[in-house]
Amino acid sequence: MSYIASRLSVVKPSASMAASQAAKALRAKGVDVIDLGLGEPDFPTPHHIVDAAHFAAKAGQTLYTAAAGTVEVREAIAGKFRRENGLDYTADDIVVANGAKQIIFNALMATLETGDEAILPAPYFVSYPEMVKLLGGTPIVVECPETTGFRLTPALLEKAITPRTKWLFLNMPGNPSGAVYSESDLKALGAVLAKHPQVLILSDEIYEHILFDGREFVSFAKACPELRDRTLIVNGVSKSYAMTGWRVGYAAGPTPLLKAMSTIQSQSCTSVCSIAQAATVAALNGPQDEVARFRQAFERRRDLVVDGIRKINGLTLSPPEGAFYVYIGCASLIGRKTPKGVVLEDDAAVSNYLLNEGRVASVPGVAYGLSPYFRISTATSEEVLAEAISRINAAVAQVE
Ligand SMILES: Cc1ncc(COP(=O)(O)O)c(C=O)c1O
1 MSYIASRLSV VKPSASMAAS QAAKALRAKG VDVIDLGLGE PDFPTPHHIV DAAHFAAKAG
61 QTLYTAAAGT VEVREAIAGK FRRENGLDYT ADDIVVANGA KQIIFNALMA TLETGDEAIL
121 PAPYFVSYPE MVKLLGGTPI VVECPETTGF RLTPALLEKA ITPRTKWLFL NMPGNPSGAV
181 YSESDLKALG AVLAKHPQVL ILSDEIYEHI LFDGREFVSF AKACPELRDR TLIVNGVSKS
241 YAMTGWRVGY AAGPTPLLKA MSTIQSQSCT SVCSIAQAAT VAALNGPQDE VARFRQAFER
301 RRDLVVDGIR KINGLTLSPP EGAFYVYIGC ASLIGRKTPK GVVLEDDAAV SNYLLNEGRV
361 ASVPGVAYGL SPYFRISTAT SEEVLAEAIS RINAAVAQVE
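If you're matching positions, the sequence shown starts at 1 in our numbering and goes up one per residue.
The following block contains the structure:
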């Protein structure tokens with residue numbers, strides 16, 4: 001008999017972490033593998049942010065903070081929403097947690113009853129369905145095909161809503177597709193949601209600053225102000241400021257939800273690290289030129305990868321509009337044979353083949369709820385990306 005709780009039986013470990021571990025295992029055997037599995041910026045955290053953390057630690061900001069976060073960090077976040085999103089939230093409308101992931105976990109724990117449904121437009125961030133299941137909910141996966149730009153349409157949304165729908169998840173720019181919703185896209189979804197008052201909206205805007213081709217970001221809350229009392233805007237410093245390890249995420253939303261999330265936070269981990277919160281104040285209130293520099297680097301890399309992948313016979317790729325991933329279509333490889341005679345049955349087999357024969361780690365589309373694709377992260381140098389493309393090209397060319 002296992003002593004592990006039965007709720008764990010439905011939850012899978014993170015697929016992107018698994019891809020990265022498989023790459024590490026091969027490396028440990030001396031194989032030269034390029035790991036494009038995990039998604040985190042490869043830049044160091046800007047100096048002024050690190051300096052603010054040093055200062056905070058030396059100044060004695062080393063105690064527990066309020067569960068929702070320090071007043072300073074929540075005011076800095078409110079300032080960010082005003083400045084960048086045209087949204088009027090006060091410090092009381094905001095909570096911080098250990099990453100956007102914990103924000104999402106707390107929000108689901110605060111709201112899901114057994115059997116409540118959460119609509120997940122696919123391809124989705126790998127953690128969404130696992131968190132929903134872990135907390136007793138039912139993920140309702142809505143496949144959003146490449147022909148709709150991997151975006152949820154009003155018709156698809158309307159069809160997926162039931163009386164049990166508790167949450168709609170949106171993520172823009174999206175991981176893994178890079179899809180972005182325009183203001184009119186969001187308003188059209190909002191018109192459907194207005195008819196279904198039982199549905200809460202979780203808008204995960206963590207890749208907000210990584211947008212390409214001159215696009216402007218529009219927050220869901222800005223596009224649909226009439227839905228504000230059931231909208232949770234999720235964001236964080238991980239991706240914009242190269243601060244994945246600092247573990248600071250935040251949310252703005254309706255008071256009863258935030259209060260419940262703070263209660264969970266206070267009884268599970270008390271607060272976010274006080275020093276990381278001080279660093280976040282510096283990130284949000286300080287100079288933003290590094291954010292712009294990161295964005296430009298990600299756009300150059302996107303261009304390089306789109307150009308390289310599109311030249312490979314057998315792969316397809318719609319240029320992502322933001323974030324730092326590309327979601328590569330591999331339909332024409334399915335059913336074909338590798339040089340060792342293995343039939344590529346699905347995208348997991350393609351990803352596996354690229355790892356073992358191409359020495360490039362990727363994550364198969366099955367992990368994101370939409371196949372046949374595989375995701376590679378572009379959060380690495382142009383030299384490494386160029387080498388990875390040439391390896392993928394060589395491996396694909398050998399498929400019979
Ligand atoms: C869509 C999305 N949301 C949330 C996260 C997690 O962010 P954090 O580091 O703030 O927990 C990620 C990280 O990969 C992500 O891709």
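A virtual CB, placed ideally from N, CA and C, is assigned to each residue, including glycine.
Taking A122 as the centre and dropping the five residues before and after it, the same chain places the C-beta of V141, V142, E143, C144, Y368, G369, L370 closer than 7 Å to its C-beta, in chain order.
Counted as a single uninterrupted DSSP element, the alpha helix (DSSP H) harbouring N356 occupies residues 347–356. At least one heavy atom of ligand 1 lies closer than 7 Å to the C-beta of I206.
Counting along the chain, F125 sits inside no beta strand (DSSP E), nor does DSSP assign it H or E at all.
The beta carbon of A242 sits no closer than 7 Å to any heavy atom of ligand 1. In its chain, beyond the 5 residues on either side, F105, L108, M109, L112 have a beta carbon closer than 8 Å to the beta carbon of L135. S381 and V234 have their C-alpha atoms spaced approximately 28 Å apart. Taking all protein chains shown into account, S9 has fewer than 16 neighbouring C-beta atoms within 10 Å of its C-beta and is therefore exposed. Relative to ligand 1, K24 has its C-beta separated by 7 Å or more from all heavy atoms. Under the three-state reduction of DSSP output, L315 falls in the coil class, being neither helix nor strand. For the set A23, V96, R82, V11, the Cα lying nearest the Cα of S266 is the one of V96. Excluding sequence positions up to five before and after G115, its CB lies within less than 7 Å of the CB of T138, R164, all in the same chain and listed in chain order. Contact between the stretch 64–78 and the stretch 205–217 is not established, with fewer than three Cβ pairs separated by less than 8 Å.
Within the stretch 260–334, the complete beta strand (DSSP E) runs of at least 3 residues fall at 325–329.
Taking the C-beta atoms as reference points, F43 is found no nearer than 8 Å to A282.
Taken in chain order, the whole alpha helix (DSSP H) runs of length 4 or more contained in the stretch 42–90 are 47–58, 71–85.
One alpha carbon belongs to R391, the other to V363, and they sit about 16 Å apart.
By alpha-carbon distance to D35, the top candidate from Q398, F169, I389, K166 is I389. Of G341, R310, L170, Q288, the smallest CA-CA separation from N393 is found for R310. The alpha-carbon separation between A260 and V50 amounts to approximately 32 Å.
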